[in-house]
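Down below is the structure, laid out as structure tokens.
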Amino acid sequence: MSSRKYRKLSEQEQKTFLKFQPEIHYSNRYKDDYFEYRHVILPKPMLKAIPKDYFDDETNTLRLLHEDEWRGLGITQSLGWKHYETHQPEPWILLFKREL
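In structure tokens:
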């Protein structure tokens with residue numbers, strides 16, 4: 001497993017993702033006894049613009065991103081959400097959760 005390399009996007013890099021922001025889809029929230037969940041679907045062309053160091057070397061999917069990183073990509077959610085998984089068969093789908 002590759003190590004998590006935190007790197008916040010520069011302001012210039014963040015500007016690259018502004019054009020994709022209206023196309024980001026947020027699922028309805030769902031929950032179990034402990035967490036609230038949602039998935040975020042990125043536009044497929046957006047994946048090609050994301051820096052290579054945001055990807056896991058072994059799986060070629062996005063690694064787990066810190067809050068500053070996913071917000072820098074244009075994902076907007078209220079506080080408390082954690083990126084806990086990327087759906088490997090569909091790498092443009094990011095899974096988030098937060099404690100109830």
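Numbered by UniProt numbering, the letters in the sequence shown go through residues 1 to 100 in order.
C-beta atoms are modelled at their ideal positions from N, C-alpha and C, and glycine is treated no differently.
Please list the terminal residues of the continuous beta strand (DSSP E) segment that includes residue i.
i: Thr-86; result: 82-86
Under three-state DSSP, which class holds residue i?
i: Leu-95; result: strand
i: Leu-47; result: helix
i: Phe-20; result: helix
i: Glu-36; result: strand
i: Tyr-6; result: coil
Starting from residue i, follow the alpha helix (DSSP H) in both directions and report where the run begins and ends.
i: Glu-69; result: 67-72
By a C-beta neighbour count over all protein chains shown, 10 Å radius and 16 as the cutoff for buried, is residue i buried or exposed?
i: Thr-76; result: exposed
i: Ser-3; result: Note that Ser-3 has pLDDT 48, beneath the 50 cutoff, so the model's placement of it is unreliable and no number is given.
i: Leu-100; result: exposed
i: Arg-63; result: buried
Is residue j closer than 8 Å to residue i when the C-beta atoms are compared?
i: Gly-72; j: Gln-12; result: no
Is the region 30-40 touching the region 81-95 in the sense that three or more CB pairs, one from each, lie closer than 8 Å?
-> yes
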